[in-house]
Amino acid sequence: MSNATKNILGTPTIVDNVSFDPKVSANFLHKAIEEKRKDEIIHLLCTISNQQRQELALEFKQLFGEDLSAKLKKALSGDFEELILALLEPPAVYDAQQMHRAMSGLGTRESVLIEILVTHSNRQIDEMKRVYEQLYGHPLEKDIVGDTSGAFQRLLVSLCNDSRDESWSSDPIRANMTARALFKESEVESGVNDVLFNQVLANENFIQLHLIFEEYQKVSGHPIEQAIQQQFSGDTRDGYLAVVECVRNRHAFFAKVLQNSTKSFLGIGRRDSDLIRLIVTRAECDMVEIKEQFMQMFNTPLEKAIESNCSGPYKDGLLTLVKGN
1 MSNATKNILG TPTIVDNVSF DPKVSANFLH KAIEEKRKDE IIHLLCTISN
51 QQRQELALEF KQLFGEDLSA KLKKALSGDF EELILALLEP PAVYDAQQMH
101 RAMSGLGTRE SVLIEILVTH SNRQIDEMKR VYEQLYGHPL EKDIVGDTSG
151 AFQRLLVSLC NDSRDESWSS DPIRANMTAR ALFKESEVES GVNDVLFNQV
201 LANENFIQLH LIFEEYQKVS GHPIEQAIQQ QFSGDTRDGY LAVVECVRNR
251 HAFFAKVLQN STKSFLGIGR RDSDLIRLIV TRAECDMVEI KEQFMQMFNT
301 PLEKAIESNC SGPYKDGLLT LVKGN
């Protein structure tokens, strides 16, 4: 298996719990909420898959006539509340909420937009767009266009179009031709144009992009990241670099985001929204590989970083998801 292929695949820490019984769990959870037993809430919700949580929420409503998320929202608070409520959302709903949150209020969280759009499949993006319009009454693309501009906006719109080639095919000759075209565009011609970079980074499959980056190194004598750093600026530069980073090693990309969120705990403010989003969404995808990358890159286990910077049931919930079931 090639490194490019390994980069796309992953191993979850949370899978379907074979002993899960929605009726039994719903009864235990109702009692735990009434008695404010946060350890039991963690055990019941953090050791089952998202699909099983949906079954549990449905059973809870049938048994007790209450919405589980609303019930938990009244009983919990702070970061622990945000973590538990995130676990209960279907993936497409949670993604749509995160995209909307990134574009709401003062300033746009460009890194969140790129993270979600680059690392999601066409099917996931299509489902997220459908849910986004249901939740907020207008297309996701409309908000992207309203909150961003220029080449960065064009990159996001292209990624949002869910038209990336998702085949496993590769063409070394075409990769060389593409690399030469990018080199000419960025370093030979005067005045770089983002159109070709946008077309390549938003549409080629990840295997082909690996080849293109390798060929670019041969043609130019340096990594494509260097050209991007020199020729682009601001959000456009950061967006292109994030795409390249995800293609080269998406598990390292996520490890870096996690490190940034934990590192800031000792600073002005904690980036808990990033930490929660990454752990909730990657626990059922590739958390095993992300943990390995985190250890390799930062010489400390992810679990230790969480233990050092979080506390209480919030910490316990995160650790349960990271360690797995």
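Quick note on numbering: full-length UniProt numbering labels position 218 of the sequence shown as 218, and the sequence is numbered without any gaps. Even for Gly, the Cβ is constructed at its ideal location relative to N, Cα and C.
Separation of Q54 and R271 (C-alpha to C-alpha, rounded to the nearest whole angstrom) is 27 Å. Collapsing the DSSP output to three states places S19 in coil. Within a 10 Å sphere around the beta-carbon of Q98 sit 16 or more other beta-carbons, which makes this residue buried. The Cβ neighbour count for K142, taken over all protein chains shown within 10 Å, is under 16; the residue is labelled exposed. Excluding the 5 residues flanking it on each side, V112 has same chain C-beta neighbours closer than 7 Å at Q98, A102, in chain order. In the structure shown, the three-state DSSP call for K61 is helix.
In the three-state reduction of the DSSP assignment, A202 falls in the helix class. Proximity of the segment 157-168 to the segment 195-207 meets the contact definition, three or more beta-carbon pairs being nearer than 8 Å. Out of H138, A92, A151, the CA that lies nearest to the CA of N122 is found in A92. I14 sits in coil when the DSSP states are folded into three classes, being neither helix nor strand. Around the beta carbon of L135, fewer than 16 other beta carbons lie within 10 angstroms, which makes this residue exposed. By the neighbour-count definition (other C-beta atoms within 10 Å, threshold 16), A151 is a buried residue.
Going by C-alpha positions, N161 is about 17 Å away from L196. In the DSSP assignment, G317 falls within the alpha helix (DSSP H) that extends over 312-323.
Straight-line spacing of the CA atoms in K323 and E59 works out to 27 Å.
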